[in-house]
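Visitor: Numbering (numbering that gives the first Met the number 0), first residue to last: 0 to 334. The beta carbon of each residue, even a glycine, is placed where N, CA and C say it ideally should be. Okay, here's the structure, questions in a sec.
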Amino acid sequence: MLPLFTCKFLIFSHISAQIVVPEKSYNRKWIIIMDAISMWLLPMEIFTTICPAFGLTGNLLMIIVTLRAKNLNTACHRLIGTTCLADFLHQLGQIPFLYGLYTRTQWTTQEQCYLLQPFVAQQCSYRQNQSTTMYFLIHLTAPVAYFAIFAFYAAQYRNDRPAMCAPPEFFDGPSNNLWAEVSVGLNALVVVAYILVYVKLRTSTFSNAARSVFKSLFITVTIVSCGWFATMFTNFMSVMIGATGNTLFLIQAYAGIPVNFAVACNFPVYYTISTEHRNAIRQMLGLAQKGQNKELMTQTNDGSSRRSQSLVVTSQGPQQQFRKTSFSATTVTIC
Numbered sequence: 000m001l002p003l004f005t006c007k008f009l010i011f012s013h014i015s016a017q018i019v020v021p022e023k024s025y026n027r028k029w030i031i032i033m034d035a036i037s038m039w040l041l042p043m044e045i046f047t048t049i050c051p052a053f054g055l056t057g058n059l060l061m062i063i064v065t066l067r068a069k070n071l072n073t074a075c076h077r078l079i080g081t082t083c084l085a086d087f088l089h090q091l092g093q094i095p096f097l098y099g100l101y102t103r104t105q106w107t108t109q110e111q112c113y114l115l116q117p118f119v120a121q122q123c124s125y126r127q128n129q130s131t132t133m134y135f136l137i138h139l140t141a142p143v144a145y146f147a148i149f150a151f152y153a154a155q156y157r158n159d160r161p162a163m164c165a166p167p168e169f170f171d172g173p174s175n176n177l178w179a180e181v182s183v184g185l186n187a188l189v190v191v192a193y194i195l196v197y198v199k200l201r202t203s204t205f206s207n208a209a210r211s212v213f214k215s216l217f218i219t220v221t222i223v224s225c226g227w228f229a230t231m232f233t234n235f236m237s238v239m240i241g242a243t244g245n246t247l248f249l250i251q252a253y254a255g256i257p258v259n260f261a262v263a264c265n266f267p268v269y270y271t272i273s274t275e276h277r278n279a280i281r282q283m284l285g286l287a288q289k290g291q292n293k294e295l296m297t298q299t300n301d302g303s304s305r306r307s308q309s310l311v312v313t314s315q316g317p318q319q320q321f322r323k324t325s326f327s328a329t330t331v332t333i334c
């Protein structure tokens with residue numbers, strides 16, 4: 000993803016010196032419109048102020064603790080950290096929108112928003128953190144192709160109309176309709192995929208470790224998938240019913256609440272369900288007490304199946320010691 004972000008940075012640097020605030024007549028008209036719906040915008044302003052602040056802080060803590068904690072140096076934890084980085088970048092996209100809400104101005108054109116939003120809000124593929132080159136390239140193909148196709152398609156509908164620079168403003172015209180439809184379909188497929196995995200786990204002889212990991216991940220995926228699905232389905236329906244003007248703006252503005260709430264939940268969710276993340280975060284913030292019990296996730300092999308064990312180590316010393324296996328041997332990392 001580095002080449003993509005490099006290109007975005009160069010494009011953004013080029014246009015940043017050329018940004019022209021829309022004509023005052025446009026802004027005056029926009030201020031009148033915004034004042035007419037101010038009572039409906041107050042809850043959105045409160046949410047858009049609190050949620051990104053909470054989400055950016057929480058996701059940043061998750062990123063830092065993943066980099067610093069030695070016991071989180073596994074492929075699974077690195078993937079979790081990378082998804083937090085993607086959500087951190089996504090929530091940066093709310094800052095231009097928040098600026099427009101507070102100033103009551105459409106301070107960019109739709110074309111400038113098209114160039115700005117991917118720079119701050121386009122998510123990276125969580126597969127980019129894989130070490131195997133071929134595996135990395137194969138899984139990176141889909142998200143890169145997805146972004147490239149939609150970026151090219153949306154570029155055909157760039158225009159100079161004043162715009163509130165929220166992530167949906169990246170698209171305009173037919174590209175917005177197609178993006179909403181495809182996003183609803185993808186999120187529906189994610190839900191179907193997890194249902195199939197759940198059924199497979201229930202009907203097959205998988206280890207308890209696999210079930211525990213799936214249960215933990217299911218919590219986060221449910222929150223995120225439901226948030227994205229609710230947002231994109233609402234946007235899709237607003238287009239289908241032909242909403243326009245203030246109605247369309249309010250629908251799409253409030254439709255962003257579920258997804259932004261979802262991406263802000265990484266920190267509290269993992270702090271609650273993952274002992275390793277909780278201990279690492281408390282230690283990083285200096286909240287862990289000396290001599291506090293630590294739970295080490297260990298694993299033994301009984302010759303026919305693998306099982307996970309939890310060993311409690313006290314300040315007086317461990318009763319037993321186990322050698323921690325690598326992630327390649329299906330070490331349980333969160334449960």
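1) Tell me the residue span of the alpha helix (DSSP H) that contains Cys264.
2) What did DSSP end up calling Leu286 once you bin it into helix, strand or coil?
3) Which one of Ser273, Asn175, Tyr101 has the shortest CA to CA distance from Phe235?
4) The alpha helix (DSSP H) spanning Gln155 covers which residue range?
5) What separation, rounded to the nearest whole angstrom, lies between the Cα atoms of Ala68 and His276?
6) Put Gly172 into one of helix, strand or coil per three-state DSSP.
7) Report the rounded CA-to-CA distance for Ile62 versus Cys75, giving the unit in angstroms.
8) Below 6 Å CB to CB, which residues in the same chain sit around Leu100 once its five sequence neighbours on both sides are set aside?
9) Exposed or buried, Ser203, counting other C-beta atoms within 10 Å across all chains shown (16 or more means buried)?
10) Since Gly80 is in the alpha helix (DSSP H), which residue starts that stretch and which ends it?
11) Go ahead and label Asn361 buried or exposed: buried means 16 or more other beta carbons lie within 10 angstroms of its beta carbon, across all protein chains shown.
12) Under the three-state reduction of DSSP, which class applies to Gly255: helix, strand or coil?
13) If we count Cβ pairs, one from each stretch, closer than 8 Å, do we get three or more for the segment 81-100 versus the segment 259-266?
14) Can you tell me whether DSSP reads Gly99 as helix, strand or coil?
15) Quick one: what does DSSP say Gly241 is sitting in, helix, strand or coil?
16) Considering only residues of the same chain and omitting the five flanking positions on each side of Leu60, which have a CB-CB separation below 7 Å?
17) Report yes if the C-beta distance between Cys225 and Pro257 is below 9 Å; otherwise report no.
18) Roughly how many angstroms separate the alpha carbons of Gly285 and Asn278, rounded to a whole number?
19) Just to confirm my understanding: we take Trp178, look at its own chain, exclude 5 residues before and 5 after, and list those with CB closer than 7 Å. What are they?
20) As a quick exercise: from Asn58, Thr73, Thr274, Ala165, pick the residue whose alpha carbon is nearest that of Tyr362.
21) Please look up how many angstroms separate the CB atoms of Phe232 and Val196, rounded, as I've assumed it's under 8 Å.
22) Assign Trp39 to one of two classes, buried (16 or more other C-beta atoms within 10 Å of its C-beta) or exposed (fewer than that).
Guide: From the atom records:
1) No alpha helix (DSSP H) holds Cys264; DSSP gives it neither H nor E.
2) coil
3) Asn175
4) From DSSP, Gln155 is part of no alpha helix (DSSP H); its letter is neither H nor E.
5) 9 Å
6) coil
7) 13 Å
8) Glu44
9) With fewer than 16 other Cβ atoms within 10 Å, it is exposed.
10) 74-91
11) A query on residue 361 cannot be resolved here, the shown segment of the chain reaching from 0 to 334 and no further.
12) Of the three classes helix, strand and coil, the one that applies to Gly255 here is helix, per DSSP.
13) The segment 81-100 is in contact with the segment 259-266.
14) helix
15) coil
16) Phe266, Ile280
17) yes
18) 10 Å
19) Result list for Trp178: Phe149, Phe170, in chain order.
20) With the chain covering 0 to 334 only, the question about residue 362 has no answer from this structure.
21) Contact flag wrong, Cβ pair sits at about 22 Å.
22) exposed
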